[in-house]
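Undergrad:
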Amino acid sequence: MITKRIIPCLDVKDGRVVKGTNFLNLADVSSPVKLAQFYTENGADELVFYDITASSDGRKLFTDILVETASKVFIPLTVGGGINTVEDFDRVLKCGADKVSVNSGAIKNPNLVSAAAQKYGNQCVVLSADIKRVDGSFRVFAKGGRENTGMEAISWIKKCVNNGAGEVVVNSIDTDGVKQGFDIEMLKAVCDAVNVPVIASGGAGSKQDFVDLFKAIPDIDAGLAASVFHFGEIKIPDLKKELDKNDIIVRL
Amino acid sequence: MIAIIDYGVGNLFSLCSSLKIIGEDAVITSDENVIKSADKLILPGVGAFGDAMEKLSESGLDKVISGKDIMGICLGMQLLFEKSFEYGEHKGLGLIKGNVVPIEDYIPNNLKIPHIGWNALHFKNNSKIYKYINENDCVYFVHSFYAADCDESVTATAEYGKELTASVQKGNVYGCQFHPEKSGNVGLKILKAFCEKEEK
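The listed protein sequences derive, respectively, from chains A and B. For the first sequence, our numbering begins at 1 and goes up steadily by one. For the second sequence, our numbering begins at 253 and goes up steadily by one.
If you want it as structure tokens, here you go:
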């Protein structure tokens, strides 16, 4: 059977990985290429590069890094951040990305998902949604979680999947950064609504949180995290062993 | 020299890089003469079957590829078969007997389409491309259609509700449904085994 995927996410600004990393055995802890290689050799099933650069200079640096990474790392590479047009898809795919994740871009431009899916195929288009509970219902937030769009999250995700999004990353703003576990309730609601892979993001603090995630929602496909991996609080090979011990199918 | 056939479909950057990292002299080309002088060929491909087959025919490259060691990857593998039923009915290269059909009609309906992610290889027939890897090693798949009616050529399957064709071989024609260039070290070992010169 298909294995559950473990995905580290690297935020890249001006060519460096930000949010900090703490690998004792890496000389250059903020080099995206070095980190990508490290993760690939240590059990990551996929990598997400998130471009948080605002300037065009930074954007050029980002694509240079993408090219270098893709020439050295041979696992699937997803790129997000600043994807607003089909041309943005083209720019990162040419540099070696396999999938492109859209967030605010899909909110601003309702045709982006379908246009990109038609051109590059559904498997290439990942919808990333930042979701927060507001008055008891799930709402979509834009601009890195700062702006409430007022849209109901489940129907938004369904609409994007119907338009051709081939995967969905669900980032719970409510559990993000708290390190008390993934947002099982929110993720289950999304999994029940769509028939494409769903990737859980936000809240991982321990190996047990991943075990709980995959046990509680057998339909979930992957768990994504950033700082717990970067700071070595969770080592992916240990995490995979723990999942395997709990009868969760992983690539060892 | 390994020629990666460029007929305007898909992103060949990773594939070319993966061959270079295992020490192969790889070129991305649509030049008939380069393809003719290559030791081995790789036929890549993503997207829709009909469109890809049309582009391959337009380029005239479909006529150049027979006779050499060739590996089709993902859609490139599907093109090796006789027919595909992806959005209509399309004729393939016909180098291997079989048809390309939707996964959807075959597997239990609670499973997601496409079949995407890492899945274990189950060997069926001995193939030299697996000489450096082990049964149950995982490779990376992304596809919504699979090769059927090709039992005698199947060299490995992957289990997704049912057994799906993961790779095929007929003589010097090889096909991988998965992406070796995205399958980490296991994938690189598969490419290395394919690219190696046979000892005479």
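For each residue, glycine too, the CB sits at the ideal point set by N, CA and C. A quick note: this is a predicted structure, and the numbers were derived from the prediction, not measured.
Would you say B/Pro360 faces chain A, with C-beta separation under 7 angstroms as the test?
TA: no
Undergrad: Would a check of beta-carbon distances place A/Ala260 closer than 7 angstroms to chain B?
TA: In the structure displayed, chain A extends from 1 to 252; residue 260 of chain A sits before or after that span and is not available.
Undergrad: Inspect the beta-carbon positions of B/Trp370 and B/Tyr392 and report whether they are closer than 7 angstroms.
TA: yes
Undergrad: In its own chain, which residues sit with a C-beta less than 8 angstroms from the C-beta of B/Lys292, not counting the 5 before and 5 after it?
TA: Ile254, Ala255, Lys320, Asp321, Ile322, Met323, Phe446 and Cys447
Undergrad: Output needed for A/Leu24: all residues of its chain with C-beta closer than 6 angstroms, excluding positions within five of it in sequence on either side, in chain order.
TA: Here the model assigns A/Leu24 a pLDDT of 46, short of 50, so the residue's position is not dependable, and the following value carries that caveat. Around A/Leu24: no qualifying Cβ.
Undergrad: Take A/Lys179 and list the residues in its own chain whose beta-carbon comes closer than 6 angstroms to its own, dropping the five residues that flank it on each side.
TA: Gly205
Undergrad: Among A/Ile65, A/Leu93 and A/Lys235, whose alpha-carbon lies nearest the alpha-carbon of A/Lys119?
TA: A/Leu93
Undergrad: Taking the alpha-carbon of A/Asp57 as reference, which of A/Asp14, A/Leu47, A/Val33 and A/Cys191 has the nearest alpha-carbon?
TA: A/Asp14
Undergrad: How should B/Ser318 be labelled, buried or exposed, when 16 other C-beta atoms within 10 angstroms of its C-beta is the threshold for buried?
TA: Under this definition B/Ser318 is an exposed residue.
Undergrad: Given a threshold of 16 other Cβ atoms within 10 Å of its Cβ, counted over all protein chains shown, does A/Pro218 qualify as buried or as exposed?
TA: exposed
Undergrad: At the 7 angstroms Cβ level, is B/Gly262 part of the contact set with chain A, yes or no?
TA: Answer no: the Cβ-Cβ gap between B/Gly262 and chain A never drops below 7 angstroms.
Undergrad: Is there at least one Cβ from chain B nearer than 7 angstroms to A/Leu24's Cβ?
TA: With a pLDDT of 46 at A/Leu24, under the threshold of 50, the predicted position of this residue should be treated as unreliable, and no value is reported.
Undergrad: Which partner residues of B/Lys422 appear in the DSSP bridge assignment?
TA: B/Val425
Undergrad: Leaving out five residues before and five after B/Glu276 in sequence, what residues of the same chain have Cβ atoms less than 7 angstroms from its Cβ?
TA: Ile254 and Cys447
Undergrad: Please say whether A/Ile7 and A/Val48 have beta carbons closer to each other than 7 angstroms?
TA: yes
Undergrad: State the DSSP-derived secondary structure class of B/Glu415, mapped to helix, strand or coil.
TA: strand
Undergrad: Please name the residues in the region 334-367 of chain B whose beta-carbon is closer than 8 angstroms to at least one beta-carbon of chain A, in chain order.
TA: Lys364, Ile365, Pro366 and His367
Undergrad: Using CA atoms only, rank isn't needed, just tell me which of A/Asp176, A/Ala189 and A/Val73 is closest to A/Ala216.
TA: Residue nearest to A/Ala216 within the set A/Asp176, A/Ala189 and A/Val73 is A/Ala189 (criterion: CA-CA distance).
Undergrad: Does DSSP classify A/Leu213 as helix, strand or coil?
TA: helix
Undergrad: Listed in chain order, which residues of the region 178-206 of chain A have Cβ atoms closer than 8 angstroms to some Cβ of chain B?
TA: Asn195, Val196 and Pro197
Undergrad: Shorter than 7 angstroms from the beta carbon of A/Pro237 to some beta carbon of chain B?
TA: no
Undergrad: By the 10 Å Cβ neighbour count, where 16 or more other Cβ atoms means buried, how is B/Lys380 classified, buried or exposed?
TA: exposed
Undergrad: Listed from N- to C-terminal order along the chain, which residues in the region 256-282 of chain B have their beta-carbon within a distance smaller than 9 angstroms of any beta-carbon of chain A?
TA: Correct list: Asn263, Phe265, Ser266, Cys268, Ser269, Ser270, Lys272 and Ile273.
Undergrad: At the 7 angstroms Cβ level, is B/Gly312 part of the contact set with chain A, yes or no?
TA: no
Undergrad: Quick check on B/Glu306: does DSSP put it in helix, strand or coil?
TA: Correct three-state label for B/Glu306: helix.
Undergrad: Looking at the C-beta of B/Cys390, does it have a partner C-beta in chain A at a distance below 7 angstroms?
TA: yes
Undergrad: Could you tell me how far apart the beta carbons of B/Ser266 and A/Gly96 are, in whole angstroms, since I believe they sit closer than 8 angstroms?
TA: 6 angstroms
Undergrad: Quick check on DSSP: helix, strand or coil for B/Cys326?
TA: Coil at B/Cys326, not helix or strand.
Undergrad: For B/Gly299, go through chain A and note every residue whose CB falls closer than 7 angstroms to its CB, in chain order.
TA: Gly121
Undergrad: Please look up how many angstroms separate the CB atoms of B/Ile325 and B/Cys428, rounded, as I've assumed it's under 8 angstroms.
TA: 5 angstroms
Undergrad: Listed in chain order, which residues of the region 32-53 of chain A have Cβ atoms closer than 7 angstroms to some Cβ of chain B?
TA: Thr40 and Asp45
Undergrad: If I measure Cβ to Cβ from A/Asp253 and keep anything under 7 angstroms in the same chain, skipping five residues before and after, which residues do I get?
TA: In the structure as shown, chain A begins at 1 and stops at 252. Residue 253 of chain A is therefore absent and cannot be evaluated.
Undergrad: Does DSSP classify A/Met151 as helix, strand or coil?
TA: strand
Undergrad: Once DSSP output is grouped into helix, strand and coil, what is the label at A/Asp11?
TA: strand
Undergrad: From B/Glu415 to B/Gly299, what distance separates their C-alpha atoms?
TA: For B/Glu415 and B/Gly299, the distance between alpha carbons rounds to 23 angstroms.
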